[in-house]
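Going by UniProt numbering, the sequence shown opens with residue 1, and the numbers climb by one from there.
In this text, a Cβ means the ideal position worked out from N, Cα and C, and glycines have one as well.
Because the structure is a prediction, the values reported are computed rather than measured.
Here is the structure we will look at, set down as structure tokens.
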Amino acid sequence: MRASIPSPLSMKQFLDFGSVNACEKTSFMFLRQELPVRLANIMKEISLLPDNLLRTPSVQLVQSWYIQSLQELLDFKDKSAEDAKTIYEFTDTVIRIRNRHNDVIPTMAQGVTEYKESFGVDPVTSQNVQYFLDRFYMSRISIRMLLNQHSLLFGGKGSPSHRKHIGSINPNCDVVEVIKDGYENARRLCDLYYINSPELELEELNERNEGHHGAPCRQRRLSPDSSSRHTGGGGFDCEDE
Numbered sequence: 001m002r003a004s005i006p007s008p009l010s011m012k013q014f015l016d017f018g019s020v021n022a023c024e025k026t027s028f029m030f031l032r033q034e035l036p037v038r039l040a041n042i043m044k045e046i047s048l049l050p051d052n053l054l055r056t057p058s059v060q061l062v063q064s065w066y067i068q069s070l071q072e073l074l075d076f077k078d079k080s081a082e083d084a085k086t087i088y089e090f091t092d093t094v095i096r097i098r099n100r101h102n103d104v105i106p107t108m109a110q111g112v113t114e115y116k117e118s119f120g121v122d123p124v125t126s127q128n129v130q131y132f133l134d135r136f137y138m139s140r141i142s143i144r145m146l147l148n149q150h151s152l153l154f155g156g157k158g159s160p161s162h163r164k165h166i167g168s169i170n171p172n173c174d175v176v177e178v179i180k181d182g183y184e185n186a187r188r189l190c191d192l193y194y195i196n197s198p199e200l201e202l203e204e205l206n207e208r209n210e211g212h213h214g215a216p217c218r219q220r221r222l223s224p225d226s227s228s229r230h231t232g233g234g235g236f237d238c239e240d241e
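In structure tokens:
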């Protein structure tokens with residue numbers, strides 16, 4: 001495995017590859033290196049959690065999923081990219097890993113709840129655990145994105161209702177609505193497992209470069225509603241399918 005530094009990827013790279021240069025062999029050669037690096041990095045951070053948190057049944061389950069997924073990916077390290085059977089088996093493995101990790105977020109949250117109920121949490125430990133969770137969930141998003149793109153581009157099971165999507169990305173989505181929907185889902189999980197959830201603040205800024213066609217520069221703020229504060233946002237729709 002190469003140096004354990006994940007490769008930075010932009011949304012433009014995802015879009016360009018998925019719409020113009022989509023090649024299953026190229027994706028295989030990249031992901032068999034990239035996914036183990038990303039999995040190993042977050043597994044290292046999991047191993048540094050407090051022992052009592054690591055020993056909770058839920059965290060042990062999450063850890064076992066990551067270990068199994070890493071082992072399955074490493075099986076492809078030295079296999080030939082010219083072998084059609086290898087490429088097919090890799091895509092099947094990616095889909096299986098994606099499905100295995102479907103419940104990572106609520107399971108990890110349950111582990112934290114088990115830990116707090118059994119041992120309580122002092123302010124320093126609580127801050128350290130929160131720092132880990134922030135990094136863990138961001139890592140999960142990036143890994144999920146890679147798994148989704150390969151699965152949907154090459155798994156042969158794309159939804160007919162999402163024909164305009166490039167893998168899991170809808171380039172023409174309503175970004176504010178996507179973010180608000182994602183927030184509501186996250187808020188429900190927070191309220192369920194942590195009995196509390198933060199409000200959402202979004203800020204939207206659209207602009208065009210001088211000399212280019214497009215919408216004029218504008219900034220939009222949305223008034224608070226009954227459940228949260230919203231002030232507009234921008235990006236792409238990345239769906240878990």
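Buried versus exposed call for residue i [16 or more other C-beta atoms within 10 Å across all chains shown]
| i | result |
| --- | --- |
| R188 | exposed |
| N99 | exposed |
| Y183 | buried |
| Q130 | exposed |
| I42 | buried |
| Y115 | buried |
| G214 | Model confidence at G214 stands at a pLDDT of 48, short of 50, so the residue's coordinates are unreliable; what they give is reported in the following sentence. Exposed is the call here. |
| Y88 | exposed |
| G120 | exposed |
Coil, strand or helix - residue i by DSSP
| i | result |
| --- | --- |
| E199 | coil |
| N128 | helix |
| E204 | strand |
| I143 | helix |
| I46 | helix |
| N21 | coil |
| N102 | coil |
| I5 | coil |
| residue 282 | Nothing can be reported for residue 282, as the shown portion of the chain is limited to 1 through 241. |
| N170 | strand |
| E177 | helix |
| T86 | helix |
| T56 | coil |
| F154 | helix |
| D191 | helix |
| S64 | helix |
| D78 | coil |
Inter-residue spacing [alpha-carbon to alpha-carbon] between residue i and residue j
| i | j | result |
| --- | --- | --- |
| K44 | L31 | 19 angstroms |
| A84 | A40 | 27 angstroms |
| Q68 | N102 | 14 angstroms |
| S7 | R96 | 23 angstroms |
| Q127 | N170 | 36 angstroms |
| V124 | I105 | 23 angstroms |
| L70 | S47 | 15 angstroms |
| T86 | R144 | 22 angstroms |
| I195 | L35 | 33 angstroms |
| K12 | L49 | 35 angstroms |
| L73 | R135 | 22 angstroms |
| D92 | V176 | 34 angstroms |
| L54 | V112 | 9 angstroms |
| M29 | S58 | 33 angstroms |
Cβ shell of residue i (< 6 angstroms), same chain only, five flanking positions each side left out
| i | result |
| --- | --- |
| M108 | V62 |
| S151 | V94, I95 and R98 |
Chain-order list of residues whose beta-carbon lies under 7 angstroms from that of residue i (same chain, five-residue window excluded)
| i | result |
| --- | --- |
| S142 | R38 |
| A22 | L153 |
| D191 | S197 |
Expected contact under 8 angstroms - CB spacing of residue i and residue j to nearest Å
| i | j | result |
| --- | --- | --- |
| I166 | L15 | 6 angstroms |
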